[in-house]
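Notes follow once the structure below has been shown.
2 protein chains.
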Amino acid sequence: MTTTADGVGPLVRRWRERRHRSQLDVSIAADVSTRHLSFIETGRSTPSRDMIERLCDELDVPLRERNAFHLAAGLAPPHRARPLADLGAARVAIDAVLAGHGPNPAVAVDSRWDLLAANDAMWRFLTDIPAELAGPPLNMLRATMHPDGLASLLQNPAQWRAHVLRRVRRQWERTDDPALADLLAELESYPAPPPGGDVETTGDDIAVPMRLTTEFGDLALLYTVTVFGSPRDVTLDEIAIETFFPADDATRRILVAAGGGA
Amino acid sequence: MTTTADGVGPLVRRWRERRHRSQLDVSIAADVSTRHLSFIETGRSTPSRDMIERLCDELDVPLRERNAFHLAAGLAPPHRARPLADLGAARVAIDAVLAGHGPNPAVAVDSRWDLLAANDAMWRFLTDIPAELAGPPLNMLRATMHPDGLASLLQNPAQWRAHVLRRVRRQWERTDDPALADLLAELESYPAPPPGGDVETTGDDIAVPMRLTTEFGDLALLYTVTVFGSPRDVTLDEIAIETFFPADDATRRILVAAGGGA
DNA sequence: GGCGCCGATGACCTCGGACGTCATTGCCGG
DNA sequence: CCGGCAATGACGTCCGAGGTCATCGGCGCC
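As structure tokens, this is what we get:
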């Protein structure tokens, strides 16, 4: 049901046996009845948080491993204070990653899509942004959706708009951030593009096509947003990396050429 | 963590008010006493799993948000085990993103670091993996840490090992996945490299240096793991993208050359 | 001011589950 | 056959989720 296959019982048993202790022994030391210990190990009873800690103390279970006990017992892990990497230290890494994205444009944004950093390739696009949109902070969504921004260069504005609005709305629902409510209202107030045939519905919001007319030529890009971390274990949950990948070889060549010329 | 610091009460209240419902209204619909709803919202009482689900149902809380409710109530998040296989819809997007990573090697892995997809640049490295490590599934961590795998080519094996073990351990603590426990034990059983002076402690695990001796020359890479989604809103939480960025121009040139030659 | 709606709260009840005590049973190695 | 060990049945305690009924104070509205 809620947790992994076997519950907390086998976990307790494993550690007890690893310590070569009998149920009687442990139960006396941890001030538990042998019966209850037996029930816990066989899964007929689920230990409370307090009981888990007492048993783990007695069995010398290292702190890091205790999370598994709580999870297996259906309880939220208590040692949850994992310090998020602080922005200062991450700054170097982020710049390196942005630079590493090579000739592909990439930016780092915060949870409101305000720009934190961008690589050279991206700056080539951003210099065209009119001053009133350039911030700081420069808001990536405003920059791409405002009529004076990149919106006029978009060949699939309807799709872009739909995707951006959906994304902001979800973020707002989740964070309840009033700043996002304002941003959402503002973005919605922009003139909606005619719902042209540009809606290549991809369904998933993982990679969104972005076709752009630029001084370098027409670009077919793929826009993605990612955050640092493994599945279910986000390391830095305040910064996202937005990357524009080339979707075809022509675009790739253009980006490489533009990058080489800089 | 993604939830707010205060308990589940404010969460319930926020969603109820967002839906413009009164306590009386919701309590009738969810078959709860108004008193108890009030207690829950003010934090004087903690809702059970069942109660959380009933309230979330009534308030139309999207599935992905409900984990926050459980966590805030001190309960382990219910593993809504999504079948890994059905990444079909995302498959196209993932392949496109991997290809877009250009001459930089990149792979998609699941939460156990089993390989799901890789781009051409990555395959050039993976073809050297001996058959017994090549799976399927090909486990990226095993492939890089096994003595017969890439480990022998690493110039900073100690740092790599430390990082990988830390990462797996954290993932395991978080998911309590027995497969990860096995993987962890296996990886730890590999001979530890001498703790040479290769430990460029970066502290954060955002971007890890990886220096590699290959047939193409010595590579200075930067290894990062990301998942799709905005800050605090991970869209695909079972798949991670691992990318190896060039950390210097020499490496960049080598990768471009190797990519062009293919 | 009065009237409703809404939310908070006190008194009191039920019920299920964590956990206790006592006693019994069955397994296994010496 | 015996002693250590684990499982379990019967029965009790305690606590917290959650219910019912009633009350009260704040607030918008006629």
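For the protein sequence lines, the chains are A and B, in the order given.
Residue numbers are given in numbering that gives the first Met the number 0: position 197 of the first sequence equals residue 196, and the series is strictly consecutive.
Residue numbers are given in numbering that gives the first Met the number 0: position 163 of the second sequence equals residue 162, and the series is strictly consecutive.
Glycine residues also receive a C-beta, built at the ideal position from the N, C-alpha and C atoms.
Chain A contact for residue i (CB, 8 Å cutoff)
{"i": "residue 187 of chain B", "result": "no"}
{"i": "residue 131 of chain B", "result": "no"}
{"i": "residue 260 of chain B", "result": "Below a pLDDT of 50, predicted positions are generally treated as unreliable, and residue 260 of chain B, at 45, falls in that range; the measurement from the model is reported next regardless. So, not an interface residue."}
{"i": "residue 120 of chain B", "result": "no"}
{"i": "residue 39 of chain B", "result": "no"}
{"i": "residue 253 of chain B", "result": "no"}
{"i": "residue 16 of chain B", "result": "no"}
{"i": "residue 92 of chain B", "result": "yes"}
{"i": "residue 140 of chain B", "result": "no"}
{"i": "residue 263 of chain B", "result": "It is not possible to answer for residue 263 of chain B, since the shown part of chain B is limited to 0 through 261."}
{"i": "residue 116 of chain B", "result": "no"}
{"i": "residue 166 of chain B", "result": "yes"}
{"i": "residue 95 of chain B", "result": "yes"}
{"i": "residue 249 of chain B", "result": "no"}
{"i": "residue 179 of chain B", "result": "no"}
Proximal residues to residue i (C-beta, below 6 Å), its chain only, five neighbours per side dropped
{"i": "residue 216 of chain B", "result": "253"}
{"i": "residue 113 of chain B", "result": "136, 138"}
{"i": "residue 244 of chain A", "result": "103, 221"}
{"i": "residue 207 of chain B", "result": "162, 222"}
Interface partners of residue i on chain A, CB under 7 Å
{"i": "residue 210 of chain B", "result": "The premise fails here: residue 210 of chain B is roughly 14 Å from chain A at the closest Cβ pair, so nothing lies under 7 Å."}
{"i": "residue 73 of chain B", "result": "74, 75"}
{"i": "residue 11 of chain B", "result": "Neighbours of residue 11 of chain B on chain A: none; closest Cβ ~13 Å, over 7 Å."}
Chain-order list of residues whose beta-carbon lies under 7 Å from that of residue i (same chain, five-residue window excluded)
{"i": "residue 36 of chain B", "result": "22, 25, 26"}
{"i": "residue 115 of chain A", "result": "107, 108, 109, 238"}
{"i": "residue 0 of chain B", "result": "Any answer about residue 0 of chain B is weak, because its pLDDT of 35 lies below 50 and its placement is not dependable; what the coordinates show is given next. Closer than 7 Å at the Cβ level, and outside the excluded window around residue 0 of chain B, lie 70."}
Whether residue i touches residue j by CB criterion (8 Å)
{"i": "residue 233 of chain B", "j": "residue 255 of chain A", "result": "no"}
{"i": "residue 235 of chain A", "j": "residue 205 of chain B", "result": "yes"}
{"i": "residue 140 of chain B", "j": "residue 186 of chain B", "result": "yes"}
{"i": "residue 29 of chain B", "j": "residue 64 of chain B", "result": "no"}
{"i": "residue 108 of chain B", "j": "residue 246 of chain B", "result": "no"}
{"i": "residue 265 of chain B", "j": "residue 19 of chain B", "result": "With chain B running from 0 to 261 in the structure shown, residue 265 of chain B is simply not present."}
{"i": "residue 182 of chain B", "j": "residue 163 of chain B", "result": "no"}
{"i": "residue 149 of chain B", "j": "residue 142 of chain B", "result": "yes"}
{"i": "residue 118 of chain B", "j": "residue 133 of chain B", "result": "no"}
{"i": "residue 230 of chain B", "j": "residue 237 of chain A", "result": "yes"}
{"i": "residue 73 of chain B", "j": "residue 218 of chain A", "result": "no"}
{"i": "residue 54 of chain B", "j": "residue 46 of chain B", "result": "yes"}
{"i": "residue 224 of chain A", "j": "residue 42 of chain B", "result": "no"}
{"i": "residue 210 of chain B", "j": "residue 154 of chain B", "result": "yes"}
Amino acids of chain B, ordered along the chain, whose beta-carbon sits closer than 7 Å to that of residue i
{"i": "residue 154 of chain A", "result": "In chain order: nothing, as chain B lies at least about 18 Å away."}
{"i": "residue 240 of chain A", "result": "225"}
Closer than 8 Å at the beta carbon, the chain A residues around residue i
{"i": "residue 245 of chain B", "result": "99, 101"}
{"i": "residue 256 of chain B", "result": "None at all; the shortest Cβ gap to chain A is about 13 Å."}
{"i": "residue 54 of chain B", "result": "Residues of chain A passing the Cβ test: none, with the nearest at roughly 16 Å."}
Where residue i meets chain A, residues with beta-carbon distance less than 9 Å
{"i": "residue 170 of chain B", "result": "229, 230, 231, 232"}
Residue i Cβ short of 7 Å to the ligand GTP heavy atom set
{"i": "residue 98 of chain A", "result": "Looking for the ligand GTP in the displayed structure turns up nothing, as the structure carries no ligands at all."}
Any chain B beta carbon closer than 8 Å to residue i
{"i": "residue 3 of chain A", "result": "Here residue 3 of chain A scores only 43 on pLDDT, less than 50, and its place in the model should not be relied on; the value that follows carries that caveat. Interface residue, yes."}
{"i": "residue 25 of chain A", "result": "no"}
{"i": "residue 161 of chain A", "result": "no"}
{"i": "residue 191 of chain A", "result": "no"}
{"i": "residue 237 of chain A", "result": "yes"}
{"i": "residue 204 of chain A", "result": "yes"}
{"i": "residue 128 of chain A", "result": "no"}
Partner residues on chain B for residue i, Cβ-Cβ distance less than 9 Å
{"i": "residue 109 of chain A", "result": "230"}
Close-in-space but distant-in-sequence residues of the same chain around residue i (CB under 8 Å, 5 per side omitted)
{"i": "residue 170 of chain A", "result": "110, 176, 179"}
{"i": "residue 38 of chain B", "result": "44"}
{"i": "residue 144 of chain A", "result": "150, 159, 160, 163, 186, 189"}
{"i": "residue 51 of chain B", "result": "7, 65, 68, 69, 72, 74"}
{"i": "residue 257 of chain A", "result": "102, 120, 123, 215"}
{"i": "residue 93 of chain A", "result": "107, 115, 116, 238, 240"}
Under 8 Å by beta carbon: chain B residues contacting residue i
{"i": "residue 60 of chain A", "result": "Going along chain B, no residue has its Cβ under 8 Å from residue 60 of chain A, so there is no contact; the nearest lies around 12 Å."}
{"i": "residue 137 of chain A", "result": "The premise fails here: residue 137 of chain A is roughly 17 Å from chain B at the closest Cβ pair, so nothing lies under 8 Å."}
(request) Assess, as a yes-or-no matter, whether the segment 4-11 of chain B is touched by the segment 117-133 of chain B under the definition of 3 or more beta carbon pairs within less than 8 Å. (result) no
(message) Across the segment 62-75 of chain A and the segment 8-19 of chain A, are there enough close Cβ pairs to call them in contact, namely three or more that are closer than 8 Å?
(response) yes
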